[in-house]
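Asks: Numbering (full-length UniProt numbering), first residue to last: 1 to 617. Just so you know, even glycine gets a beta-carbon here, dropped at the ideal spot from N, CA and C. Model, not experiment: these values are computed from the prediction.
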């Protein structure tokens with residue numbers, strides 16, 4: 001290629017200054033992210049918001065220049081060609097940012113390839129509607145922007161030899177980014193949600209955290225942390241509108257005790273007479289839901305969907321604003337004593353700052369060198385807790401949560417029966433599409449069997465204390481566990497949304513209700529509205545505080561949502577639509593075969609989008 005007018009030094013200066021000019025537009029557009037946000041009322045919060053806003057957009061702009069525009073300045077053989085390409089890239093970045101502000105205002109999450117795909121395929125305006133006047137204004141704005149860029153480019157080119165402190169400006173702005181991250185590290189370790197609540201407003205913003213490091217260095221003020229944990233942000237200062245209305249209640253005839261028992265990684269087909277005989281026996285005398293689904297293929301969103309009755313996309317908002325689920329807040333307001341006993345730590349995932357944010361003196365985890373040892377510890381401590389409660393507060397209703405972990409770690413106690421043989425330790429290095437899973441599946445079954453044994457002790461203790469007639473018991477899993485069920489080399493959980501990873505057992509003991517096998521489809525989202533309505537006397541419409549329905553009112557679910565740590569799925573009777581970490585939308589059948597050129601139901605996607613955003617202001 002013939003080199004014509006090769007001027008890399010000129011282009012570096014010019015592109016850096018044009019990027020700084022673009023940054024001014026980033027700032028002007030970026031204010032739209034905070035139109036509905038309540039500004040901080042304290043000094044530290046104000047400093048954080050200013051430094052995060054200015055520093056983050058500066059970081060994005062500088063990264064764009066450093067990774068794309070600066071290399072273009074070197075490799076382009078022609079100055080005019082390079083200027084044109086660089087200007088187009090900066091123009092597109094501003095247009096994308098502008099579009100993202102509209103997406104955020106409407107849906108409270110940011111533009112990704114999934115949303116972009118919806119925009120491109122939404123030919124009838126079922127999801128995004130743009131009137132003729134809006135299109136005209138947008139076209140005019142783009143034309144104006146192009147004109148402004150042309151003038152700015154000319155002005156910068158003419159004054160390229162005039163001294164300009166670009167390096168100092170970049171250095172100052174990027175230092176603000178560092179300041180914001182240091183403030184966030186401190187605020188996050190102190191559970192200061194007055195600061196962390198702003199994170200979701202900024203696009204691709206993932207500020208630094210270092211809780212463990214701060215604790216090890218002794219830099220955490222635990223008194224301040226507990227004060228912050230107890231502090232509730234005024235609802236007018238956050239983006240979440242949950243519940244949608246002030247809930248109304250009627251008096252209930254009797255206050256039932258409520259116990260939720262969850263087993264990590266419990267497959268639906270392992271609720272049987274062989275693997276879980278004690279729970280199976282309870283199912284024969286209670287309510288057994290045979291077609292039940294978690295809201296996730298992983299722990300964080302699975303437990304979140306169980307206690308909030310909401311899709312996992314709301315996790316970040318609830319975490320940032322420290323909003324407790326209405327189920328827990330109602331129980332506490334009704335005077336329930338709480339006993340929370342988990343095998344694994346409740347601060348990872350951060351259930352201590354979400355689900356159980358309002359529980360004082362929360363028991364974070366259990367002692368023991370293995371999951372099954374910790375499961376035994378939680379069972380023993382629960383039995384002691386209940387004994388103490390029965391002696392000292394027999395007339396006070398209680399809520400208990402027991403979270404077992406052995407199947408997740410394929411953990412067994414050699415001192416307990418392990419009837420499924422032969423078995424073997426799980427070795428992930430050996431897994432492949434042709435691996436015979438019989439032995440590790442038997443190890444998994446033994447871990448389920450031993451947790452069932454411990455849960456049997458809990459049930460027997462309730463029976464001995466004559467509490468079964470006064471207690472609602474729910475036993476389920478947070479998610480499933482796959483053993484290459486679909487022949488695509490998927491093992492464990494968190495990797496897809498097929499039944500092997502999201503379908504879980506669901507057994508209910510409810511005093512006064514006749515034993516029944518329930519075959520219609522139910523989900524974790526249905527637990528909160530059922531308990532709120534049937535046990536706690538909530539009269540408000542269930543749609544004002546959850547995405548679910550009453551378990552005892554069969555509904556024809558055409559689709560359901562499921563989520564993971566950074567992706568989500570829309571699941572209907574024929575396919576699974578997944579938006580992954582990369583934002584790309586992929587469609588599978590229920591055995592994880594990818595569907596080429598799928599037909600998209602835009603009405604379904606529109607309904608799903610509304611459900612994932614209607615609890616934002």
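Under 8 Å, do residue 185 and residue 208 count as touching if we go by C-beta distance?
Replies: yes
Asks: Using DSSP bridges, identify the partner residues of residue 400.
Replies: DSSP, once it has assigned bridges, lists 259, 339 as partnering residue 400.
Asks: Using the C-alpha atoms, what's the distance from residue 11 back to residue 81?
Replies: 11 Å
Asks: Per the DSSP calculation, residue 506 is bridged to which residue(s)?
Replies: Paired residue(s): 476.
Asks: On the premise that residue 545 lies in contact with residue 326, defined as a C-beta separation below 8 Å, what is that separation, rounded to the nearest angstrom?
Replies: 5 Å
Asks: In three-state terms, what does DSSP make of residue 292?
Replies: Reduced to three states, the DSSP call for residue 292 is strand.
Asks: Who are the near neighbours of residue 616 in its chain, counting only those whose CB is closer than 8 Å to its CB and skipping five residues on each side?
Replies: 107, 108, 239, 240, 241, 317
Asks: Hey, could you find the ends of the alpha helix (DSSP H) residue 315 is sitting in?
Replies: 315 to 321
Asks: In whole angstroms, give me the CA-to-CA distance for residue 547 and residue 414.
Replies: 43 Å
Asks: According to DSSP, is residue 532 part of a helix, a strand, or is it coil?
Replies: Note: residue 532 maps to helix in three-state DSSP.
Asks: In the DSSP assignment, the alpha helix (DSSP H) including residue 643 goes from what residue to what residue?
Replies: Because the chain in this structure spans residues 1 to 617, residue 643 falls outside the shown range and cannot be described.
Asks: For the candidate residues 290, 215, 271, 614, whose alpha-carbon lies nearest to that of residue 517?
Replies: 290
Asks: DSSP state of residue 431, grouped into three classes?
Replies: coil
Asks: Select from 276, 297, 248 the residue whose C-alpha is nearest the C-alpha of residue 333.
Replies: 248
Asks: Per DSSP, which one or two residues make a beta bridge with residue 283?
Replies: DSSP lists no partner for residue 283.
Asks: Going by other Cβ atoms of all chains shown within 10 Å of its Cβ, with 16 needed for buried, is residue 19 buried or exposed?
Replies: buried
Asks: Name the residue from 383, 293, 174 whose alpha carbon lies nearest to the alpha carbon of residue 559.
Replies: 293
Asks: So what does DSSP say about residue 586, is it helix, strand or coil?
Replies: strand
Asks: Would you kindly work out how many angstroms separate the C-alpha atoms of residue 24 and residue 58, rounded to a whole number?
Replies: Approximately 9 Å between the Cα atoms of the pair.
Asks: Could you check the C-alpha separation between residue 236 and residue 491 for me, to the nearest Å?
Replies: In this prediction, residue 236 has a pLDDT of 49, which is less than 50 and means its spatial position is unreliable; nothing more can be read from the coordinates.
Asks: For residue 331, which residues from the same chain have a beta carbon less than 8 Å from its beta carbon, with the 5 sequence-adjacent residues on both sides left out?
Replies: 258, 338, 399, 536
Asks: Would residue 100 and residue 8 be called neighbours here (beta carbons separated by less than 8 Å)?
Replies: no
Asks: Just reading off the beta strand (DSSP E) that residue 197 is part of, what are its end residues?
Replies: Where residue 197 is concerned, there is no enclosing beta strand (DSSP E), given that its DSSP letter is neither H nor E.
Asks: Is the beta carbon of residue 271 sitting closer than 8 Å to the one on residue 173?
Replies: No, the pair does not count as a contact, with Cβ atoms beyond the cut-off.
Asks: Measuring only from the beta carbon, is residue 142 closer than 7 Å to any heavy atom that is part of the ligand FAD?
Replies: The ligand FAD is absent from the structure shown, which contains no ligands of any kind.
Asks: Using 10 angstroms around the beta-carbon of residue 682, count the other beta-carbons present and answer buried if the total reaches 16, otherwise exposed.
Replies: The question about residue 682 has no answer here: the residues shown for the chain are numbered 1 through 617.
Asks: Touching or not, the segment 381 to 388 and the segment 408 to 424, by the rule of three or more beta carbon pairs under 8 Å?
Replies: Output reads no: the segment 408 to 424 does not touch the segment 381 to 388.
Asks: Helix, strand or coil for residue 245? Go by DSSP, reduced to three states.
Replies: coil
Asks: Report all residues from its chain with a CB closer than 8 Å to the CB of residue 469; omit the five preceding and five following residues, and keep chain order.
Replies: 511
Asks: Alpha carbons only, please: which of 251, 39, 177 is nearest the one belonging to residue 534?
Replies: 251
Asks: Considering only the alpha carbon of each residue, which of 13, 62, 61, 110 lies closest to residue 159?
Replies: 13
Asks: Out of 139, 395, 175, 425, state which residue places its alpha-carbon closest to the alpha-carbon of residue 95.
Replies: If you compare the alpha carbons of 139, 395, 175, 425 with that of residue 95, the shortest gap goes to 139.
Asks: Do you know whose CA, among 70, 155, 156, 102, lies nearest residue 134's CA?
Replies: 102
Asks: Please report the straight-line C-alpha distance between residue 42 and residue 320, rounded to a whole angstrom.
Replies: So the alpha carbons of these two residues sit roughly 17 Å apart.
Asks: Which whole-angstrom value is the C-beta distance of residue 406 and residue 450, which I expect to be below 8 Å?
Replies: Correct: roughly 6 Å between the Cβ atoms.
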